[in-house]
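These notes concern the structure reproduced below.
Residue numbers (our numbering): 4 to 296.
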């Protein structure tokens with residue numbers, strides 16, 4: 004009988020022990036993973052700055068979170084009840100931080116035209132950003148020859164080009180350049196011609212004010228004015244130079260050598276000897292009317 008009474012007392016005290024065990028502290032929970040039907044996750048170790056620097060042991064600062072037995076670990080979820088930000092709100096927030104966004108140029112506006120003019124003025128113009136007058140020059144290739152230079156190691160083959168440029172308004176130039184490629188040689192000669200521009204004096208009838216002769220090496224050139232409607236009567240390099248200079252009525256003749264480069268430079272020499280009537284009158288100190296008396 005005494006044994007039966009002892010067992011009855013133990014069974015009666017079991018619920019109280021279970022309830023008392025449920026009030027364990029967090030340290031007791033760590034010691035016993037399964038108490039009162041509760042499962043805990045292991046603490047995630049975090050490394051402090053001191054332990055990382057001096058090689059100390061890892062310190063745990065995250066307390067374990069109880070999870071119900073038989074359930075999987077919960078994943079953090081965002082609250083779906085919050086309203087999503089509209090594009091207007093996002094745009095307003097962006098403008099508040101960084102200012103108004105660039106919307107581009109409107110179609111049909113003149114801003115793109117002005118932008119193009121500015122870029123051409125910076126790149127295609129002169130060093131001051133002004134308008135480049137050389138862009139209106141017309142180029143003509145007078146001659147392309149294959150030349151050879153004899154050096155110690157053998158022969159070097161290259162191309163030589165003669166180019167005449169002019170704006171047909173009284174400005175003309177002759178240049179020469181050589182390179183291993185034809186295109187490069189033409190570009191060099193055009194650059195050389197721009198460096199040697201001369202002004203051709205003309206009357207209102209687009210002809211020479213008077214006759215002149217020019218010589219360059221063995222080439223000799225004779226230039227004569229002509230009446231309106233005559234046209235340019237010349238051949239070879241002389242005709243090319245006169246047409247690009249803007250002369251419409253003139254006579255030209257090659258005397259001596261037929262070399263295109265020498266004849267073109269002879270034309271430039273003859274043009275340099277010409278003077279306008281006002282220049283002669285100014286040099287003599289008399290009015291222009293006195294020249295025909």
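Heads up, the beta-carbon is just placed ideally off N, CA and C, and yes, glycines get one too.
For clarity, every value in this text was computed on a predicted model and none was experimentally measured.
Given a threshold of 16 other Cβ atoms within 10 Å of its Cβ, counted over all protein chains shown, does residue i qualify as buried or as exposed?
| i | result |
| --- | --- |
| residue 221 | exposed |
| residue 294 | exposed |
| residue 174 | buried |
| residue 268 | buried |
| residue 291 | exposed |
| residue 219 | buried |
| residue 244 | buried |
| residue 156 | exposed |
| residue 270 | buried |
| residue 180 | buried |
| residue 51 | Residue placement at residue 51 is poorly supported in this model, since its pLDDT is 47, which falls under 50; the coordinates still yield a value, given next. Label assigned to residue 51: exposed. |
So, with DSSP's three-state summary, where would you put residue i?
| i | result |
| --- | --- |
| residue 263 | helix |
| residue 164 | strand |
| residue 231 | coil |
| residue 251 | coil |
| residue 291 | helix |
| residue 226 | strand |
| residue 139 | helix |
| residue 209 | coil |
For the alpha helix (DSSP H) containing residue i, name the first residue and the last one.
| i | result |
| --- | --- |
| residue 190 | 185-197 |
| residue 283 | 280-287 |
Output the boundary residues of the beta strand (DSSP E) element that contains residue i.
| i | result |
| --- | --- |
| residue 182 | 174-182 |
| residue 239 | Segment 239-248 is the alpha helix (DSSP H) holding residue 239; no beta strand (DSSP E) there. |
| residue 215 | 215-219 |
| residue 201 | 200-202 |
Going by DSSP, what residues sit across from residue i in a beta bridge?
| i | result |
| --- | --- |
| residue 159 | 152 |
| residue 147 | 164 |
| residue 256 | 225 |
| residue 275 | Answer by DSSP bridge pairing: none, since residue 275 is not bridged. |
Three CB pairs or more closer than 8 angstroms across the stretch 230-238 and the stretch 188-196:
Three or more Cβ pairs closer than 8 angstroms define a contact, and the stretch 230-238 falls short of that threshold against the stretch 188-196.
Is the stretch 278-292 touching the stretch 245-260 in the sense that three or more CB pairs, one from each, lie closer than 8 angstroms?
With a cut-off of 8 angstroms on Cβ pairs, the stretch 245-260 is not in contact with the stretch 278-292, counting fewer than three such pairs.
Inspect the CB distances between the stretch 243-251 and the stretch 167-183 and report whether three or more fall short of 8 angstroms.
Here the stretch 243-251 makes contact with the stretch 167-183; the two share three or more CB pairs at distances below 8 angstroms.
Contact the stretch 207-218 vs the stretch 268-280: 3+ CB pairs below 8 angstroms
Touching, yes, given that three or more Cβ pairs across the two stretches are closer than 8 angstroms.
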